[in-house]
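Residue numbers (my numbering), protein chains in the order written: chain R, 1 to 226; chain H, 1 to 226. C-beta atoms are modelled at their ideal positions from N, C-alpha and C, and glycine is treated no differently. Written out below as structure tokens is the structure these notes cover.
2 protein chains.
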Amino acid sequence: MVHDGEMTVVGICEDDPGVRRVLTDALKMHGHDVVIARNGREAVDNLGVRSGVEVLILDVGLPDADGRDVCQALRAGGQHAPVLFLTALDAVHDRVAGFHAGGDDYVVKPFAISEVLVRVDALRRRSRPEPVSISGLSLHPDRLSVAADGREATLTPTEFRLLAAIAAEPGAVTRRRAAVAAAWPDGAIVNENTIDSYVRRLRVKLASIDSPVELTTVRGVGFTLR
Amino acid sequence: MVHDGEMTVVGICEDDPGVRRVLTDALKMHGHDVVIARNGREAVDNLGVRSGVEVLILDVGLPDADGRDVCQALRAGGQHAPVLFLTALDAVHDRVAGFHAGGDDYVVKPFAISEVLVRVDALRRRSRPEPVSISGLSLHPDRLSVAADGREATLTPTEFRLLAAIAAEPGAVTRRRAAVAAAWPDGAIVNENTIDSYVRRLRVKLASIDSPVELTTVRGVGFTLR
DNA sequence: CCGACGTGGTCAGGTCGCGTGCAGGTTCGA
DNA sequence: TCGAACCTGCACGCGACCTGACCACGTCGG
Chain R
1 MVHDGEMTVV
11 GICEDDPGVR
21 RVLTDALKMH
31 GHDVVIARNG
41 REAVDNLGVR
51 SGVEVLILDV
61 GLPDADGRDV
71 CQALRAGGQH
81 APVLFLTALD
91 AVHDRVAGFH
101 AGGDDYVVKP
111 FAISEVLVRV
121 DALRRRSRPE
131 PVSISGLSLH
141 PDRLSVAADG
151 REATLTPTEF
161 RLLAAIAAEP
171 GAVTRRRAAV
181 AAAWPDGAIV
191 NENTIDSYVR
201 RLRVKLASID
211 SPVELTTVRG
221 VGFTLR
Chain H
1 MVHDGEMTVV
11 GICEDDPGVR
21 RVLTDALKMH
31 GHDVVIARNG
41 REAVDNLGVR
51 SGVEVLILDV
61 GLPDADGRDV
71 CQALRAGGQH
81 APVLFLTALD
91 AVHDRVAGFH
101 AGGDDYVVKP
111 FAISEVLVRV
121 DALRRRSRPE
131 PVSISGLSLH
141 PDRLSVAADG
151 REATLTPTEF
161 RLLAAIAAEP
171 GAVTRRRAAV
181 AAAWPDGAIV
191 NENTIDSYVR
201 RLRVKLASID
211 SPVELTTVRG
221 VGFTLR
């Protein structure tokens, strides 16, 4: 089957067998794969980075734990997959709004399956890399752009890889060799000077959006974001 | 008059001629239009997005395929019409419960015609192909058209699928491969250049309605809506 | 049965921008 | 002060993309 994208591996943490079943069936019917956890403990065991899940569906109201705690525990374990929270109606005005801002999403129970499916697809699509925010600068891999405040600048693929590599560890110095390896992953042999050209272009684009951070040179070592 | 107004186009996939006849007659008597498929193959051929059906009635127990597989195949083709599954009694406790919770529905054979009619109406009502609005652009799946402000342009089915895929996440870059997979869900091998032609046609049509958003190219990656 | 029409798909040629390298100037560290 | 490291501006080639046309096929009305 070749339809709209690749299969997504979805991790579900839900105590209610009925809801679990509904979700599992619907997701499988749409060509996705499912990993199940019945409670917080199983979630931590089964839905970590090693599980290979790409999207998480977590019930906020678990018997043994809050879905947000589960999320936090998974995140602590290096699991960065986007989360779709299932929440009861009365919790909506609580702190749920916060989820949405974080790139994660939520649906209110009782929910329509179709809604869950749509959101799972959306999360997967934009999740591969979630927008990376670094001191007022946000990188959007799905848009190939960098934004500060409201302004946004689009980057070429190579520019983006380079900036992403340098921004990966804010404050740390990215060595020239490391930057080259990141921006040219195929191991192409590029002129030492080429990277300077790209750094320059990045500086111009960062300036065009009044970036709060500067791309500075550490002479003899590499580059860093300040 | 009982039925609430507009005619609904119902797609039926059912192998039993008797059941087919009963459904067809009842639906037509209530002012609906019917498109028939005798098996899974015909369903995929006749009940896709291009058929214009608004509600699907799928027999779960087809000779050549499971109704759920048929549903999956149709969904992959961009057919998002709600489904009413016809299922045998013994399957109820199977996984059918899952359908009812979602946007879709089911009835158990043998069923009362009136029940089917009620559910068809309910399904249609709650899933009227609402136009999808994206930054001033609205896509009308039921009319295969795109509108901005007051102006409207009609699209061919392939054009619509392509635009819908790119518009799914405004601002995000839709990769060429993904766009191809969306516009040609059957996995047809199309010339790499073909998609360019369609993008061009879409651009022309978007321009003809003074679209507020532009279909721009992200060189080396894909397309995006800005 | 035939021709008009809409749709899907292909092709050849032209355009354009990304990736790249170079030359010359400038800054920094010793 | 001197050399190396870095910055700046620019030019160029190739491949990705755009453009406008063409053709094959199915549908429908006459």
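query	result
Euclidean distance between Cα positions of A147/H and E42/H	32 Å
Whole-angstrom C-beta distance between E159/H and R203/H, which should lie under 8 Å	Not confirmed; about 11 Å, so no contact.
Where H100/R falls, given that 16 or more other Cβ within 10 Å makes a residue buried	Any reading at H100/R must be qualified, since the residue scores a pLDDT of 39, below 50, and its modelled position is unreliable; the value itself is stated next. Exposed.
Residues within the segment 168-182 of chain H neighbouring chain R, beta-carbon criterion of under 8 Å	A168, E169, G171, A172, V173, A178, A181 and A182
N- and C-terminal bounds of the beta strand (DSSP E) containing G61/H	Per DSSP, G61/H belongs to no beta strand (DSSP E) and is neither H nor E.
Selected residue, minimal CA-CA separation from S135/R, among L84/R, G61/R and S211/R	S211/R
C-beta atoms of E14/H and D45/H nearer than 8 Å	no
Cβ pair A153/H, I195/H closer than 8 Å	no
CB contact below 8 Å: D142/R versus chain H	yes
Beta-carbon proximity check, L258/R vs G48/R, cutoff 8 Å	As shown, chain R starts at 1 and ends at 226. That puts residue 258/R outside it, with no answer to give.
Rounded C-alpha distance that separates R20/H from L86/H	11 Å
Strand pairing of R38/H, partner residues [DSSP]	R38/H is not bridged to any residue.
N- and C-terminal bounds of the alpha helix (DSSP H) containing T158/R	P157 to A168
G220/H versus A168/R: straight-line alpha-carbon distance, rounded	23 Å
Members of the segment 146-157 of chain R near chain H, C-beta cut-off 8 Å	T154, T156 and P157
Proximity of R161/R and A182/R at Cβ, strictly below 8 Å	yes
The beta strand (DSSP E) enclosing A139/H, as first and last residue numbers	Before going further, note that residue 139/H is Leu rather than Ala in the sequence given. Its beta strand (DSSP E) spans residues L137 to H140.
Alpha-carbon to alpha-carbon, A179/H and V199/H	10 Å
Host beta strand (DSSP E) of G11/H (start-end)	V9 to C13
Helix, strand or coil at D149/H according to DSSP, with G and I counted as helix	coil
Expected contact under 8 Å - CB spacing of D142/R and V173/H to nearest Å	6 Å
Supposed contact pair P82/R and L27/R - C-beta distance, whole angstroms, cut 8 Å	With 8 Å as the limit, L27/R and P82/R do not qualify as a contact, their Cβ atoms being about 15 Å apart.
Minimum Cβ-Cβ distance from G48/H to chain R less than 8 Å	no
Chain R within 8 Å of G220/H, Cβ atoms only	yes
Close beta carbons around L155/R, own chain, < 7 Å, minus the five adjacent residues each side	L144, S145, V146, L163 and K205
Three-state class that DSSP yields for R175/R in the structure shown	strand
L225/R, enclosing beta strand (DSSP E) - first and last residue	G222 to L225
Helix, strand or coil at D210/R according to DSSP, with G and I counted as helix	coil
Proximity winner among R177/R, P185/R and D186/R, relative to N193/R (alpha-carbon distances)	R177/R
Residue span of the beta strand (DSSP E) that contains L144/R, given as start and end	No beta strand (DSSP E) contains L144/R, which DSSP labels as neither H nor E.
6 Å CB neighbourhood of G40/R in its chain, flanking five on each side removed	L62, D64, A65 and V70
Distance between beta carbons of T24/R and V55/R, contact taken as under 8 Å	With a Cβ gap of about 14 Å, V55/R and T24/R do not count as contacting.
Cross-strand partners of D196/R (DSSP beta bridge)	Note: D196/R sits in no beta bridge, so no partner.
For S133/R, the residue or residues it bridges with in DSSP	S138/R
N- and C-terminal bounds of the alpha helix (DSSP H) containing L215/H	No alpha helix (DSSP H) contains L215/H, which is instead part of the beta strand (DSSP E) from L215 to V218.
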